[in-house]
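Peer 1: Before I ask anything, let me first share the structure, which is written out below as structure tokens.
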Amino acid sequence: MTTEQLKLAKWSILFLVMLIAVAVVHLYVTVNELALSQEHIRQAFGKGIAACFFLTAGGAALRYPLSGLLAGILVCFFFALSYIVLWTRIPLNWLF
145 MTTEQLKLAK
155 WSILFLVMLI
165 AVAVVHLYVT
175 VNELALSQEH
185 IRQAFGKGIA
195 ACFFLTAGGA
205 ALRYPLSGLL
215 AGILVCFFFA
225 LSYIVLWTRI
235 PLNWLF
């Protein structure tokens, strides 16, 4: 790959990470508006963010920081979403 293609790939990954981060914030705001208990919110987002830190640090340690960051934020979003939908039994269409 040329340097221009590498720059484009890096910026694309960072843009994707920012979009997913916005989705995590949207999920958090929506869950607060639905008046879900704070214990469930802490469980969902706490475990998701802990997994995000672990994957991001692992990616950085293996010299793939952008891939680790992308994997971490995806795991954070899907962990929080699955906890909210499966554990608290909130329908998915209420969230989006």
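Under the numbering used here, residue 240 is the last one in the sequence shown; the count climbs by one each step, no gaps. For every residue, glycine included, the Cβ atom is placed at its ideal position computed from N, Cα and C. These numbers come from a predicted model, not from an experiment.
1. Are the CB atoms of K191 and A215 within a distance shorter than 9 Å?
2. Using 9 Å as the threshold, is the C-beta distance between L180 and T147 below it?
3. Tell me the rounded alpha-carbon separation between G202 and G212.
4. Does the distance from the CB of H170 to the CB of I228 come in under 9 Å?
5. Considering only the alpha carbon of each residue, which of L239, F240, L218 and L236 lies closest to I157?
Peer 2: With the structure as the only source:
1. No, Cβ-Cβ distance for A215 and K191 is not below 9 Å.
2. no
3. 7 Å
4. no
5. L218
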